[in-house]
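Chains as they are written, first to last, in our numbering: chain Z, 108 to 327; chain E, 108 to 327.
There are 2 protein chains.
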Amino acid sequence: MTKDIQPTVKTKLRRLPKRGSYYRELIYGILDEAFICHVGFVVDGQPFVIPTAYARVDDCLLIHGSAASRMLRALASETEVCVTVTLLDGLVLARSAFHHSMNYRSVVVFGKASIVQDEREKLDALHAFTEHNIKGRWQDVRPPNENELKATMVLSLPLQEASAKIRTGQPVDDEEDYTLNIWAGVIPLHLTTGKPVADEKMKDGILIPEYVSKYERCQS
Amino acid sequence: MTKDIQPTVKTKLRRLPKRGSYYRELIYGILDEAFICHVGFVVDGQPFVIPTAYARVDDCLLIHGSAASRMLRALASETEVCVTVTLLDGLVLARSAFHHSMNYRSVVVFGKASIVQDEREKLDALHAFTEHNIKGRWQDVRPPNENELKATMVLSLPLQEASAKIRTGQPVDDEEDYTLNIWAGVIPLHLTTGKPVADEKMKDGILIPEYVSKYERCQS
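As structure tokens, then:
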């Protein structure tokens with residue numbers, strides 16, 4: 108993998124360029140941490156933004172869904188797509204209303220998606236979706252059967268035109284506002300896991316797997 | 108406010124319609140809980156999806172930013188917009204790979220945004236942005252001055268064409284899979300706050316306000 112993604116007219120940040128990055132490792136880190144992406148596409152001039160699960164495999168972002176899905180059918184027809192992933196890290200309280208902000212890490216990807224047709228690649232993709240959310244889960248599940256594979260459409264979007272935007276740290280106030288008697292700082296935000304809730308319909312005697320009881324993607 | 112929003116061709120759910128809702132109170136509850144929305148718009152046929160802060164005031168969704176922002180300038184020109192808000196509530200572990208899912212609550216809004224020109228309304232909007240994220244904050248901050256007001260563009264999107272989509276609860280597996288010896292259940296996900304971090308540049312002797320130390324929007 109190359110170190111940097113080349114900025115383009117679409118991904119070059121015009122506003123606050125210091126928050127931008129085209130560093131592939133950083134972009135992939137954000138993609139690997141988040142759970143959902145927002146997929147933007149256009150049908151008859153109308154934009155749609157749909158939240159959905161995804162996974163990254165090498166230099167591609169994969170999404171999937173029902174083969175009957177309006178979104179996937181639209182995307183599969185070689186239309187332009189924009190996929191955005193956002194992690195919210197904190198509320199930034201400045202002394203002035205104007206400089207209030209949020210800490211975040213986001214990635215925007217542009218491109219055209221293509222259908223993953225090859226059965227082996229498709230199965231690898233389904234493996235990636237499961238493992239992206241819960242590492243270790245795939246070995247335990249009943250794998251997809253032929254009908255399920257047919258009913259599922261997988262789309263692949265190359266990570267060729269992408270950028271990250273990041274804000275971290277404390278508020279930046281106007282110089283003269285630092286003398287004001289106003290509390291300023293950051294309220295950190297984290298996605299955390301609660302105690303796992305077993306399905307009541309589960310057979311007796313099934314132990315909770317470690318990848319659930321010691322789930323590590325988020326704070327607990 | 109009317110109880111329901113009328114479904115349209117765009118908002119009527121075709122896939123899994125039982126997950127859909129047009130109940131205004133439910134839609135507004137989701138909008139009032141989340142911190143960021145993803146704004147979708149089209150420039151020269153290309154979709155863009157940009158994460159941004161927002162607030163709801165009555166039956167309008169407000170977004171704001173620099174008057175020089177590419178996104179806001181595009182939206183202000185009476186173009187079609189789609190704004191999506193998503194709350195992630197859990198990872199759903201089914202017995203089959205196929206029925207793995209996520210619990211979530213999302214809202215999709217379609218419409219055209221218009222610029223809030225009136226200075227009083229604009230100030231009310233800035234009040235709403237601050238209070239949406241941190242209730243109680245506005246009374247303490249240095250309010251926007253004339254230059255800051257001029258530099259800020261506020262857009263209002265009527266909540267006329269909108270729908271919610273929600274998944275809750277345990278996995279739904281194929282009947283024959285319930286006999287399998289596979290753990291199934293939900294890993295709940297919550298956005299939580301960490302310990303507030305005061306700005307090091309803050310003057311000595313400023314007490315942390317209760318709306319920060321006892322911040323209640325998220326779990327802590």
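Just so you know, even glycine gets a beta-carbon here, dropped at the ideal spot from N, CA and C.
| said: Only counting the same chain, and skipping five residues up and downstream in sequence, which positions put a Cβ closer than 6 Å to that of residue 182 (chain Z)? | reply: Answer for residue 182 (chain Z): 148, 188, 220, 262, listed in chain order.
| query | Where do the N-terminal and C-terminal ends of the beta strand (DSSP E) with residue 320 (chain Z) fall, by residue? | reply | From DSSP, residue 320 (chain Z) is part of no beta strand (DSSP E) but of the alpha helix (DSSP H) over 317-320.
| request: Pull up the DSSP beta-bridge partners for residue 189 (chain Z), would you. | output: Residue pairing of residue 189 (chain Z) in beta bridges, as defined by DSSP: Z:147, Z:217.
| query | For residue 267 (chain E) versus residue 218 (chain E), is the C-beta distance shorter than 8 Å? | reply | yes
| said: Please list, in chain order, the residues of the region 158-175 of chain Z that have any C-beta partner in chain E closer than 9 Å. | reply: 158, 160, 172, 173, 175
| message | Taking the beta carbon of residue 307 (chain E) as the centre, do at least 16 other beta carbons fall within 10 Å, making it buried, or is it exposed? | response | Taking a 10 Å sphere around the C-beta of residue 307 (chain E), we find fewer than 16 other C-beta atoms and assign the residue as exposed.
| field | Length of the line joining the Cα atoms of residue 171 (chain E) and residue 232 (chain E) | value | 9 Å
| task | Could you please give me the residues that DSSP links to residue 171 (chain Z) through a beta bridge? | result | Z:261
| As assigned by DSSP and simplified to three states, the class of residue 311 (chain E) | coil
| task | Could you tell me if residue 246 (chain E) is buried or exposed, where buried requires 16 or more neighbouring beta carbons within 10 angstroms of its beta carbon? | result | Counting Cβ neighbours within 10 Å, residue 246 (chain E) comes out exposed, since fewer than 16 surround it.
| task | Using DSSP bridges, identify the partner residues of residue 127 (chain E). | result | E:272
| query | Can you find at least 3 beta carbon pairs, one from the region 253-261 of chain E and one from the region 287-299 of chain E, that sit closer than 8 Å? | reply | Two segments are said to touch when three or more pairs of C-beta atoms, one from each, lie closer than 8 Å; by this definition the region 253-261 of chain E does not touch the region 287-299 of chain E.
| message | Taking the beta carbon of residue 309 (chain E) as the centre, do at least 16 other beta carbons fall within 10 Å, making it buried, or is it exposed? | response | buried
| request: Could you run through the region 313-326 of chain E and flag, in chain order, every residue whose CB is less than 8 Å away from some CB of chain Z? | output: Flagged, chain order: 313, 314, 315, 316, 319, 322, 325, 326.
| With burial defined as no fewer than 16 other Cβ atoms inside 10 Å of the residue's Cβ, what is the status of residue 210 (chain E): buried or exposed? | buried
| Is the distance from the Cβ of residue 168 (chain E) to the Cβ of residue 230 (chain E) below 8 Å? | No, these two residues do not count as a Cβ contact at 8 Å.
| message | By alpha-carbon positions, which one of E:319, E:320, E:289 ends up nearest to residue 319 (chain Z)? | response | Of the candidates E:319, E:320, E:289, the one whose C-alpha sits nearest the C-alpha of residue 319 (chain Z) is E:289.
| request: For the region 133-154 of chain Z, enumerate the residues whose C-beta is nearer than 8 Å to any C-beta of chain E, in chain order. | output: 142, 143, 145, 146, 147, 148, 149, 152, 153, 154
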